[in-house]
Structures are given as C-alpha cells and as structure tokens.
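Going down the list, the protein sequences come from chains A and B.
Sequential numbering from 1 applies to the first sequence in this note's numbering.
Sequential numbering from 177 applies to the second sequence in this note's numbering.
Ideal placement from N, C-alpha and C gives every residue a C-beta, glycine not left out.
Take a look at the structure set out below.
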Amino acid sequence: MKSLSLGFRKLRVVDIVVLGIFMSLLLILGRFTVGVQTWRLSFGFVVTAIAGLLYGPLWSSSIAALADIIGTLVSGNVYFPGFTLSAILGAAIYGYFFYGKEITWKRVIIAQLIIAVFVNAILNTYWLTILYKTPFLAYLPIRMIKEVVMTPIQMAIIYYVLNSQTLQNIQNKLFK
Amino acid sequence: MSNFLFGRYLPGKSWVHQMSPQSKLMLSFYFVIVIFFANNVWTYASLSVLILIVVVMSGVSIGYFLKGIRPLIWLIIFTVLLQILFSSGGHVYWHFGPFSVSDTSLINGGYIFVRFLLIIMISTVLTLTTTPLAIADGVQTVLKPLKKVHFPVDTLALMLSIALRFVPTLMDEMETILNAQRSRGVDFGSGSLKHRIQAAVPLLVPLFTGAINHAENLSTAMEARGFTDSEHRSKYRVYRWQRKDTISWVAFLLVGVLVLFIRNN
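And the structure:
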C-alpha cells in the first residue's frame, strides 16, 4: 500500500476493516438512543472515542465525517456540511486527547467539556441558525441545559469503557 | 434486514430514480445553497414549483414526504413562532411586552416555514429514490477530487463498503444482546435516565468484542485472497452520468439564475 500524506498513518488490512466496522457501529449506535423526549443520549460518541484512542485524530475524524454524511442521507434527515464539520471536530478532539495516551479523568473531562461547549452547544446551534434561520440566542440556553445533564454521563461512560479490560484486550489483539 | 438500510428507499423506475446518485447528491447540495439566496415571495415560489415538479417526477406519494417533516415538526413550530413573535417592523397587529405580531413578522414566519419544507423535501427525494449503496457510491465520486491532495478516498470508500455490509450483521447481534439482557430481567424502556443508561452500557462490551472478531476474520480472508490495496478495486454496479442528469442540471441551474435575478438586493 502506498504511504499516505496529509499525516494519515499507514494502515494494515486489519486496521482498514476495523475502521470500517467502527463506521458501521457509528451508524448503528448513532441511532440507538436511551432516554425520553429531549433527554436522549445516543452512544455514537463511544465509538468515536475508541476510534480516536486506537487510530488517532485523522482516521477517527475521517470515519466520523463519512458516517455523518451517509447516516444523514440514508435516514432522510437534512444534510448540512456544518454538522459534518462538528463530527470531524468532535472525533479530532477525542483523537488528540486519547491517542497513545493514558486515559485519566482529567483528560476525559477536558476533552468532553470542549466538545460539549464548543461543538455540541455553540457550533451545532450556529449551524441550525444558518440552515433554518433559528434565533441563536433563543436556542443556545436550551441546548446548554441538555449538555449540562448529558456531559457528566458521557464523561463517566468514556472513562469506564476506555479503561475497561475488554478494550485493553482488543488493543493487545490488534497492536501486539 | 434492518430498517436503517431499506427503511426509506422506495424502488421505482421514475426519472429521479434513474438519475445517477452523484448527480442527485450534488443537485441536493446545490438546491440547499440556492435556498439561502431566496428572500422574497417570488424566489420561494420559484423554488417551491421546482421541488413540486421533482416530487411529481419521483413518482412517490406526497404522504412519504409528509412523514419526513414529522420528526422536525416541533423545531419548525418553535422557530416559526419565535420568528413571528420577535421580528420587528411593518404594521403591528398585536403587542405585549417584548412580543409583537406584525405583517413583516408574519411574512418572515411564512418564509421560514417554506424554507424548512424545501430543505426537508429535497433531502427526502434523495433518500426515497436512491439506495444506501448508491448514496455511498455517490459520496465516493463526489470526494474523488480530494485524491489530488492525497486524501485516502479509496481506503475510506473501502471502509464505507465494509461499514454498509456489516450494518445488518451488527444490528442482528445487538438485537440478540438486547434480548439476552431482557431475558435476564433488564428493562431498557422504563426507569430514570440514569437507570436506562446503566442498563444500556453493558451492551457495548459484547458488541465491540463481536465486531472486532468480525474484523479479524474478514481481514484474514482478504489477505488470504491477496488483497494489498484499496486503489484498484472493481465495482459490481457502475453508475454513469446520463442525459437525464444533464437535463435536470440545466433546469436547476436555470432556476438558480432566476432566483439570483428576482431576489431583493
């Protein structure tokens, strides 16, 4: 395989397949939600965090972008490139904070806080403002409240899953 | 197979069905961009006529399009109401504290409503007339120019094919894990948010373990068959640009130019 520029690390066949299957899990878990009405949590972020941990920011943001594009178009939702940019940024932040590093509470909290405030609350509200001319300042507090509730839960799940023995076994299987 | 893959696509032989996926994909993006330039009744009317023609030519019943609006109905109502109550200018019909309803706010509310409908309709046309695999193929074609800057388009296209192939398999496995947990008394549908999340997290571990096993098996099979790179793969179905695509593009471009001419500057 040719080596890739743009900083993409060279992948083995097994890495390509694993990232493909992660994309599949992103498509599935992105739609598997838990909770009621507005307090819904989808588990797609766990896959993105694991991809970031195992393959770094470039590959994780690439699969997050493709999963966002395909997931949106296939399900008939309105496609807007802004949300793809949000998916890329979220995955890049996970990759930057987790790739090749020890998963500590501090890392998880900082990464998730940046995503919750800048990506989920501010950027995503701004995309809605561009797309539908929704009033930014009227929607921002509603989305902020949701983030205040969901962010600690996401932090706990990421810390638990990324430090789990199962993921250690998967890492050992894939890279040693 | 899962609803995710075939839930929204409706087989057919209409003009829109027969267009190439990359053309439909680009036309949808183009249409959404043109909507941003609409700012008066004539521009919105032109785009509405165009989308109605597309809906008719897709041969799909209008009921399917209305279904596409349902998930966004509260966002639409909330946004239109905010627009009506907080817009200023024009003749005021009603006023209370910071809220007011004027002829300008009603018109703006109407524009926002039409804007929502137009964006949802074009996305729905694409989804109802294009299979997920064709959409994936279209995305790959659209991304191809990025190869010039050494973006790994072919590798990502292979990942996408693998992803779509494994969606039904992994969905089935998730269903099996869910049922196994239910048979042990886990209730995913009731309780507090914390309780529901605590019940759902244990699903992730077996799902990931199973997914990695699939990945190992598939990569071994690929290597055993001599797979070395993703750049020279052949395709079972090849979607070619047709005369229908050219005609559709001409029509959309003409409406785009019309919108630029008749909009308020």
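Minimum Cβ-Cβ distance from residue i to chain A less than 8 Å
i	result
B:Leu334	yes
B:Met177	Note that B:Met177 scores 40 on pLDDT, short of 50, meaning its location in the model is unreliable and no value can be drawn from it.
B:Phe292	yes
B:Phe428	no
B:Gly432	no
B:Leu346	yes
B:Phe262	yes
B:Glu399	yes
B:Ile338	yes
B:Ala214	no
Contacts of residue i in chain B (Cβ-Cβ under 8 Å)
i	result
A:Asn77	Pro247 and Ser299
A:Ile157	Ile373 and Val377
A:Ala92	Per Cβ cutoff of 8 Å: no residues; A:Ala92 is ~15 Å from chain B at best.
A:Val164	Residue identity differs from the one stated: residue 164 of chain A is Ser in this sequence, not Val. Result: Val381.
A:Ile69	Val315
A:Leu170	What sits at residue 170 of chain A in the sequence shown is Ile, not Leu. Neighbours of A:Ile170 on chain B, chain order: Phe384, Thr385 and Ile388.
Straight-line Cα distance separating residue j from residue i
i	j	result
B:Leu203	B:Ala312	16 Å
B:Phe254	A:Pro135	10 Å
B:His326	A:Phe8	9 Å
A:Leu73	A:Tyr79	6 Å
B:Lys189	A:Leu53	45 Å
A:Gln165	B:Ser395	24 Å
A:Gln66	B:Val329	The displayed chain sequence assigns Leu, not Gln, to residue 66 of chain A. About 11 Å.
B:Leu336	A:Val17	10 Å
A:Arg40	B:Phe275	31 Å
A:Leu140	A:Ala116	12 Å
B:Pro344	B:Arg413	20 Å
B:Gly266	B:Asn440	17 Å
B:Ile245	B:Ile211	17 Å
A:Asn163	A:Gln112	16 Å
B:Phe428	B:Leu294	14 Å
Cross-chain neighbours of residue i in chain A, by beta carbon under 9 Å
i	result
B:Ile288	Tyr132, Lys133 and Thr134
B:Ser395	Arg12, Val13, Val14, Asp15, Ile16, Val17 and Val18
B:Pro308	Ile70, Leu73 and Val74
Three-state secondary structure assigned by DSSP to residue i
i	result
A:Thr134	coil
B:Trp417	coil
B:Ser190	coil
B:Val381	helix
B:His371	helix
B:Ser278	strand
B:Phe272	strand
B:Glu392	helix
B:Arg401	coil
B:Ala214	coil
A:Ile157	helix
A:Thr104	coil
B:Arg246	helix
A:Gly7	coil
A:Asn124	helix
B:Pro328	coil
A:Arg143	helix
B:Val236	coil
Test: residue i CB closer than 8 Å to a CB of chain B
i	result
A:Ala64	no
A:Leu73	yes
A:Leu11	yes
A:Val14	yes
A:Tyr41	In the sequence as presented, Tyr is not what sits at residue 41 of chain A; that position holds Leu. It does; some Cβ of chain B falls within 8 Å.
A:Arg46	For the record, residue 46 of chain A in the displayed sequence is Val; it is not Arg. At least one chain B Cβ lies under 8 Å of A:Val46.
A:Val34	yes
A:Val117	no
A:Val148	no
A:Val161	yes
A:Ile28	yes
A:Lys173	yes
A:Phe8	yes
A:Ala138	yes
A:Ile122	no
Under 7 Å by beta carbon: chain A residues contacting residue i
i	result
B:Ala387	Ile21 and Leu25
B:Pro321	Per Cβ cutoff of 7 Å: no residues; B:Pro321 is ~14 Å from chain A at best.
B:Ala391	Val14, Val17, Val18 and Ile21
Strand pairing of residue i, partner residues [DSSP]
i	result
A:Ser75	The partner list for A:Ser75 (beta bridge, DSSP) is empty, contrary to what the question assumes.
A:Val117	BP columns for A:Val117 are empty, so no partner.
B:His267	None; B:His267 has no bridge partner.
Contact list for residue i against chain A, beta-carbon separation under 8 Å
i	result
B:Phe342	Gly20, Ile21 and Ser24
B:Met350	Ile28 and Phe32
B:Phe403	Val13
B:Pro527	Missing from the structure shown is residue 527 of chain B; chain B here goes from 177 to 441 and no further.
B:Thr303	Leu73, Val74, Ser75 and Gly76
B:Ile311	Ile70, Leu73 and Val74
Proximal residues of chain B, C-beta to C-beta of residue i below 7 Å
i	result
A:Ile153	Ile373
The ligand NAD heavy atom lying under 7 Å from the CB of residue i
i	result
B:Gly367	Of the ligands one can find in the structure shown there are none, so the ligand NAD has no counterpart to examine.
Contact list for residue i against chain C, beta-carbon separation under 7 Å
i	result
B:Leu258	Protein chains A and B are contained in the structure displayed, whereas chain C is not.
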